[in-house]
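Engineer: Submitted below is the structure of interest, expressed as structure tokens.
In my numbering, the protein residues as written are 32 to 300.
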């Protein structure tokens, strides 16, 4: 005697049932499918039943992929850490859950999901490295990275970002948050600073709209100024103030790309 919508949702809660099966079609069915899987995953991990090797008696891998697929293919804007936190609160008193471990497990199921769609592992890693809270947002970033990788500027910028990250990683002192334009003495660094300031202003509204494709296309314009900077400027200058200023400039570049993905992961060198 239940309404059709309720009966349908109860059936759809178990979708997708197998590889290639569709996700729940109704809104309520998707809600139940997500809740069912979150409860199963949280309980399984809290009980120490994380799959090992080929053993997965409680189908936690399938549940994790079904959860991720329902969110992405259902275009649901949900915060994964928040969902896991809700599931953790539903566990019995005294039972703990490593939320980060479960989140990583869910994200890792997406590696095969996207590989089946022809997405290279380097592109997946570029997005996974910045850990978007929303899986739908993850999907949007991944599509943007795929488009960026096809641009002629992509290879050079990926290599430059890798070089920047390596430089910044070795710095043991605090790097200034802002660039002092008065300390930019070389034409190449002045040119890069101007180009970056313009790119930052242009991409601020794009990032606010999650227009990652537009953001990366605009940042691709930095390829010339970045290459010229590295050809003509010595970052680690003897003058500490000049050096720190150049490091601040590089950090601004790295931080802006990181708003979308770790593009240095695309570099083959």
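Just so it is clear, CB atoms sit at the ideal spot from N, CA and C, and this is done for glycine as well.
No experiment lies behind these values; they were computed from the predicted model shown.
1. Is the Cβ-Cβ distance between residue 140 and residue 61 less than 8 Å?
2. Which residues in the same chain as residue 68 place their Cβ atom closer than 6 Å to its Cβ, once the five residues preceding and following it in sequence are excluded?
3. By alpha-carbon positions, which one of 134, 281, 119 ends up nearest to residue 228?
4. Any idea what DSSP makes of residue 208, helix, strand or coil?
5. Around the C-beta of residue 86, are 16 or more other C-beta atoms found within 10 angstroms, so that it is buried, or is it exposed?
6. Please report the distance separating the alpha-carbon of residue 225 from that of residue 250.
7. Just grab the DSSP bridge partners of residue 83 for me.
8. For residue 229, name the three-state secondary structure that DSSP assigns.
9. What span of residues does the alpha helix (DSSP H) with residue 145 cover, start to end?
10. Is it the case that the Cβ atoms of residue 64 and residue 55 are separated by a distance below 8 Å?
11. What span of residues does the alpha helix (DSSP H) with residue 256 cover, start to end?
12. Can the beta-carbon of residue 241 be found less than 8 Å from the beta-carbon of residue 171?
13. I'd like to confirm something about residue 97: is its beta-carbon nearer than 7 Å to some heavy atom of the ligand SAM, or not?
14. Counting Cβ pairs, one atom from each stretch, are 3 or more of them under 8 Å apart for the segment 193-206 and the segment 264-282?
15. Let me make sure I understand the geometry here. Which of 219, 253, 265 has the alpha-carbon closest to that of residue 231?
16. Excluding the 5 residues preceding and the 5 following residue 175 in the sequence, name in chain order all residues of the same chain whose CB lies nearer than 8 Å to its CB.
17. DSSP state of residue 186, grouped into three classes?
18. When you compare only the Cα positions, how much space is there between residue 111 and residue 122?
19. Based on DSSP bridge pairs, tell me the residues matched to residue 165.
20. Exposed or buried, what is residue 49 when buried is set at 16 or more other beta-carbons lying within 10 Å of its beta-carbon?
21. Please state whether the Cβ-Cβ distance between residue 298 and residue 219 is less than 8 Å.
22. Distance check for residue 77 and residue 124, CA to CA, integer angstroms please.
23. Quick check on this structure: which residue in 104, 296, 264 has the alpha carbon closest to the alpha carbon of residue 221?
24. On the three-state DSSP scale, how would you describe residue 201?
25. Less than 8 Å between the CB atoms is what I'm expecting for residue 154 and residue 173, so what's the real figure, rounded?
26. Between residue 296 and residue 143, what straight-line distance do the alpha-carbon atoms span, to the nearest angstrom?
27. Buried or exposed: which applies to residue 193, given that a residue is buried once 16 or more other Cβ atoms fall within 10 Å of its Cβ?
Structural biologist: According to the data block:
1. no
2. The beta carbon of residue 68 sits closer than 6 Å to those of 94, 97, 98, all from its chain and outside the five residues before and after it, given in chain order.
3. When only C-alpha atoms are compared, the closest one is 281.
4. In this structure, residue 208 counts as coil in the three-state DSSP scheme.
5. exposed
6. 13 Å
7. Its beta-bridge partners are 86.
8. helix
9. 130-146
10. yes
11. 254-263
12. yes
13. Absence of the ligand SAM is noted for the structure shown, with no ligands found whatsoever.
14. Touching, per the Cβ criterion.
15. 253
16. 243, 244, 246, 247, 291, 292
17. Of the three classes helix, strand and coil, the one that applies to residue 186 here is helix, per DSSP.
18. 17 Å
19. 110
20. exposed
21. It is not a contact, given that the beta carbons lie outside the stated cut-off.
22. 12 Å
23. 264
24. Helix at residue 201.
25. Sure, about 6 Å apart at Cβ, within 8 Å.
26. Taking the straight line joining both Cα atoms gives about 18 Å.
27. buried
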